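One structure is given below, encoded as structure tokens.
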Amino acid sequence: RAAMAAMTVRDVLYMYSIARQAYDRFISVCGSPEKAQNAVALLVWLDQGTISAIHHVPAMAPDAVAIVAKEANVVLLCLRHQEPALPPIPLISALCMQGGVHIEPGFFAFHQDLVVHGVAHFLDGAGKFVFDDRLHALLRR
1 RAAMAAMTVR DVLYMYSIAR QAYDRFISVC GSPEKAQNAV ALLVWLDQGT ISAIHHVPAM
61 APDAVAIVAK EANVVLLCLR HQEPALPPIP LISALCMQGG VHIEPGFFAF HQDLVVHGVA
121 HFLDGAGKFV FDDRLHALLR R
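Counting from 1, one number per residue, gives the positions in the sequence shown under full-length UniProt numbering.
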């Protein structure tokens, strides 16, 4: 029987350090914790596959950060309400293309259940640590 290594909170925060940097960037531009969390959660869900867009966010210009946040939040809103058609996501698509992967709204629509559940799983799990400002302040000491 193999023993599983227990992950500490510090391990989780380290694993998601890019997600936290992206979250801080979204917050600094958008100001809305909920919108920032949704945007990070969607990009983290994408990042679980072969698509890494989230690592671009911390260095992006404010206008671009605001657009990515808007695109991500609109996609999630549509998916959560099972809208048949999703709006265009030019900036998220462009970020994914930099990693050599073509993503369009139909991808999210096709994987609607996976996206909604995956995003909720992150928000209810690791996201609780990633988005906890007091926890980050404590661990930086």
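Just so it is clear, CB atoms sit at the ideal spot from N, CA and C, and this is done for glycine as well. None of the values given here were measured: they were computed from a predicted structure.
- If you compare the alpha carbons of I54, I92, A6, L46 with that of R25, the shortest gap goes to I54.
- The shortest C-alpha to C-alpha distance from A36 to any of A109, R80, E71, H136 is the one to E71.
- Judged by DSSP secondary structure, M60 falls outside any alpha helix (DSSP H); it is assigned neither H nor E.
- Restricting attention to beta strand (DSSP E) runs no shorter than 3 residues, the stretch 95 to 129 encloses none.
- In this structure, the CA atom of R140 is about 23 Å from the CA atom of V29.
- Selection H102, P88, V74 evaluated against V116 yields V74 as nearest (Cα-Cα).
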